[in-house]
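What follows is a short report on a single structure.
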Amino acid sequence: MSLSEQDKVIIQSAKDDFVNGNYQQTIRKMDNLRVTVGESYELLLLQARAYAKLGNQEVAINIINEIANEEVQPGDVTFIVTTYLNDSQFISARKLVSQLRQPHRNEILDQIVMAEHSYRRNHRHDLVKLQRKLFYIGSHSADLQARIVKEALHLPLTEYLEGVTAVLIDKAGWQVIKTQFLFELISLQIDDQVKFLWLDDQIHTMIPAKIDLNQSMKPLTDSENIIMGEYENNDPITAQLLITQIYQLGNYLFPYAFKVINNPKAWVTIVSRYVLEQHVIGDGVADEGMIRWLEAILKQEQRIKYM
């Protein structure tokens, strides 16, 4: 949504409040404006800066996390990295910097490394405790595993990689969490080989930074397009339900969905029957392989429900 002249006046007024130290006024004006004009980079950053000035790092970070790393403007990088480091979110800071192509990238990385060294010296007990939780993440319920994934962002990179690489080959691990960590390594542009225990119970070797996301995600996006073509006009609720299920199942298949979904139209039919009729059936021999993969996923889902 484009800004009206009145909106621009309000933004400038909020900026003036910020410069003058009236941070609560800045926040109030941004809250009101976000209701009418929606989210925008400028509004989010200004509000995050105001919360940070008031010492409310948690809210500032929650707002920052609404912004995609690729949208961050060079002039805001230092503020965002500093905010992350104030909360010891080393991995979030590194993910942002990994997206940058700017002259001061190495300088910012040095800042992160120094903060990590300081954390190791001053918070050794917390570090060991958190890394231990990461190592044993597979023994917890789904909700707790999701919480540990977020908490692990507070680990320095070396300790984070030690924990994550162990999780990726954990036979007791939940495949969805392994996939989530693999995406984190891709965001960090890790260019070392890692081992990954996939749904086929085989260990695969890969370099996260070189994973072709377009190839990996294409069977899912193709399936989404088929669903939209069949349901969007007549039954948008069912369309959304099926698309959500396609991507939830995709969390188990990444990065090898293309090895499983050799026929997106048949995959949509199988998933539709499962979601709408609770039957796992196909139309012929060609579908049997995909059905076996779906059954393997459902078996894992049942196991995680009872943890």
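Quick note: to get my numbering, add 757 to the position in the sequence shown (first position is 1). Virtual Cβ for every residue (Gly too), placed ideally from N, Cα, C.
**Prompt:** Can you tell me where the beta strand (DSSP E) with residue 829 in it begins and where it stops?
**Reply:** In the sequence shown, counting from the first residue as 1, residue 829 sits at position 72. No beta strand (DSSP E) holds residue 829; DSSP gives it neither H nor E.
**Prompt:** Going by alpha carbons, who is nearest to residue 1045 out of 934, 971, 1020, 801?
**Reply:** Along the sequence shown, one-based indexing puts residue 1045 at 288. Checking every option, the nearest Cα to that of residue 1045 belongs to 1020.
**Message:** Using the three-state DSSP reduction, which class does residue 960 fall into: helix, strand or coil?
**Reply:** To locate residue 960, count along the sequence shown from 1; it is residue 203. Correct three-state label for residue 960: strand.
**Message:** Against chain D, with Cβ distances strictly below 9 Å, would residue 878 count as a contact?
**Reply:** Absent from the structure: chain D. Only one protein chain is present.
**Prompt:** For residue 925, does the three-state DSSP call read helix, strand or coil?
**Reply:** Position 168 of the sequence shown, counted from the start, is the residue given in the question as residue 925. Correct three-state label for residue 925: coil.
**Message:** With DSSP as the reference, identify every bridge partner of residue 952, one or two as the case may be.
**Reply:** Indexing the sequence shown from 1 puts residue 952 at position 195. DSSP, once it has assigned bridges, lists 962 as partnering residue 952.
**Prompt:** Below 8 Å, can you find three or more Cβ-Cβ pairs linking the segment 901 to 908 to the segment 968 to 982?
**Reply:** no
**Message:** I want to know whether the segment 867 to 882 touches the segment 938 to 946 - three or more CB-CB distances under 8 Å.
**Reply:** no
**Asked** Rounded to a whole number of angstroms, what is the C-alpha to C-alpha distance between residue 920 and residue 875?
**Response** Counting from one through the sequence shown, the residue named residue 920 turns up at place 163. Counting from one through the sequence shown, the residue named residue 875 turns up at place 118. Taking the straight line joining both Cα atoms gives about 20 Å.
**Reduced DSSP category for residue 858 - H, G, I as helix; E, B as strand; rest coil** = By one-based count along the sequence shown, residue 858 stands at place 101. Three-state DSSP puts residue 858 in coil, outside helix and strand.
**Close Cβ partners of residue 927 (< 6 Å) along its chain, the five nearest in sequence each way excluded** = The sequence position of residue 927 within the sequence shown is 170, counting from 1. Excluding sequence neighbours, residue 927 sits near 895.
**Prompt:** With DSSP run on the structure shown, which of helix, strand or coil describes residue 1045?
**Reply:** In the sequence shown, counting from the first residue as 1, residue 1045 sits at position 288. It is helical.
**Prompt:** Grouping DSSP H, G and I as helix and E and B as strand, with all else coil, what is residue 930?
**Reply:** Looking up residue 930 in the sequence shown gives position 173. Reduced to three states, the DSSP call for residue 930 is coil.
**Residues near residue 846 by beta carbon distance below 8 Å, same chain, minus five either side** = Along the sequence shown, one-based indexing puts residue 846 at 89. Closer than 8 Å at Cβ, skipping near neighbours: 818, 910, 911.
**Request:** Please list, in chain order, all residues of the same chain as residue 1051 whose beta carbon is under 8 Å from its beta carbon, the five residues on each side excluded.
**Result:** Indexing the sequence shown from 1 puts residue 1051 at position 294. Same-chain partners within the cutoff: 1006, 1027, 1028, 1031, 1037.
**Every unbroken alpha helix (DSSP H) inside the segment 787 to 837 [4 residues or more]** = 798 to 810, 814 to 821
**Message:** Tell me the residue span of the alpha helix (DSSP H) that contains residue 982.
**Reply:** As a working mapping, residue 982 is identified with position 225 in the sequence shown. Residues 970 to 988.
**Item:** Integer Cβ distance of residue 925 from residue 954, believed to fall under 8 Å
**Value:** One-based indexing of the sequence shown puts residue 925 at position 168. One-based indexing of the sequence shown puts residue 954 at position 197. With 8 Å as the limit, residue 925 and residue 954 qualify as a contact, their Cβ atoms being about 7 Å apart.
**Asked** For the segment 990 to 1003 against the segment 955 to 965, are there 3 or more C-beta pairs whose distance is under 8 Å?
**Response** no
**Asked** What first and last residue would you give for the alpha helix (DSSP H) that runs through residue 1031?
**Response** Sequence index remark: in the sequence shown, residue 1031 carries index 274 (1-based). Residue 1031 -> alpha helix (DSSP H) spans 1021 to 1034.
**Request:** Check whether the Cβ atoms of residue 780 and residue 774 lie closer than 9 Å to each other.
**Result:** Start at 1 with the first residue of the sequence shown, and residue 780 comes out as number 23. Start at 1 with the first residue of the sequence shown, and residue 774 comes out as number 17. Against a cut-off of 9 Å, the Cβ pair of residue 774 and residue 780 comes out as a contact.
**Short Cβ contact (9 Å threshold) for residue 831 with residue 857** = Residue 831 sits at position 74 when you count from the first residue of the sequence shown. Residue 857 sits at position 100 when you count from the first residue of the sequence shown. Cβ atoms of residue 831 and residue 857: closer than 9 Å.
**Asked** According to DSSP, is residue 866 helix, strand or coil?
**Response** Taking the sequence shown and counting its residues from 1, one reaches residue 866 at position 109. If DSSP states are grouped into helix, strand and coil, residue 866 belongs with the helices.
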